[in-house]
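**Student:**
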Amino acid sequence: MSASKVSHDVPAGLEEEARAFVDVLRESEGADADDAALLAPEARGIGVDVVLPAVLIVSSTALTTVTKEWIEKYLWPELNRRIEKPSERFVKWLLDTVLPQGGP
692 MSASKVSHDV PAGLEEEARA FVDVLRESEG ADADDAALLA PEARGIGVDV
742 VLPAVLIVSS TALTTVTKEW IEKYLWPELN RRIEKPSERF VKWLLDTVLP
792 QGGP
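Counting from 1 along the sequence shown, just add 691 to a position and that's the residue number in this note's numbering.
1) Sorted by chain position, which residues of the same chain lie with C-beta nearer than 7 angstroms to residue 855's C-beta, five sequence neighbours on each side aside?
2) Rounding to the nearest angstrom, what Cα-Cα distance links residue 692 and residue 716 in this structure?
3) What runs of the beta strand (DSSP E), each 3 residues or longer, lie entirely inside the segment 712-777?
4) Identify whether residue 701 lies in helix, strand or coil by the three-state DSSP scheme.
5) Looking at residue 785: is its Cβ nearer than 8 angstroms to the Cβ of residue 762?
6) CB residue 777 to CB residue 708, shorter than 8 angstroms?
7) Am I right that residue 706 and residue 745 are in contact with their C-beta atoms under 8 angstroms? What's the rounded C-beta distance?
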């Protein structure tokens, strides 16, 4: 898979869910590092740590498989298995922000 990519800053506190999303997309859909990645940069300032938001990058090709049904059938059960208390805010953010720009 390779195509145009969309990128979004991941809201604070949803990084763990975003990482699990990337892992599930890679495992269930055969996406590779070029198709889905989570960049979690951290910059250091003078005497103060500056934390930059994580950035979710997903190819438009990979996003074609991500539908509301895929989220309900594959992603949400995996988030519950991998994360003690996954946030439903992540699913809402994914549906409202990421999918309208690159998926169905």
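We put the beta carbon where it would ideally sit given N, CA and C, even for glycine.
**Tutor:** For this structure:
1) Outside the displayed range of the chain (692 to 795) lies residue 855, so it cannot be described from this structure.
2) The count along the sequence shown starts at 1 and reaches residue 692 at position 1. The count along the sequence shown starts at 1 and reaches residue 716 at position 25. Confidence at residue 692 is low in this model, with a pLDDT of 42, below 50, so the placement of that residue should be treated as unreliable; the coordinate-derived value is given next. Their backbone Cα atoms lie some 12 angstroms apart in a straight line.
3) Unbroken beta strand (DSSP E) stretches of 3 residues or longer found wholly inside the segment 712-777: 727-730, 733-735, 740-742, 746-750, given in chain order.
4) By 1-based counting over the sequence shown, the position of residue 701 is 10. In this structure, residue 701 counts as coil in the three-state DSSP scheme.
5) Working through the sequence shown from its first residue, we reach residue 785 at position 94. Working through the sequence shown from its first residue, we reach residue 762 at position 71. Their beta carbons are under 8 angstroms apart, which means residue 785 touches residue 762 by this criterion.
6) Numbered from its first residue, the sequence shown carries residue 777 at position 86. Numbered from its first residue, the sequence shown carries residue 708 at position 17. Against a cut-off of 8 angstroms, the Cβ pair of residue 708 and residue 777 comes out as a contact.
7) In the sequence shown, residue 706 corresponds to position 15, counting from 1. In the sequence shown, residue 745 corresponds to position 54, counting from 1. Indeed, because the Cβ distance is near 5 angstroms, the residues count as touching under 8 angstroms.
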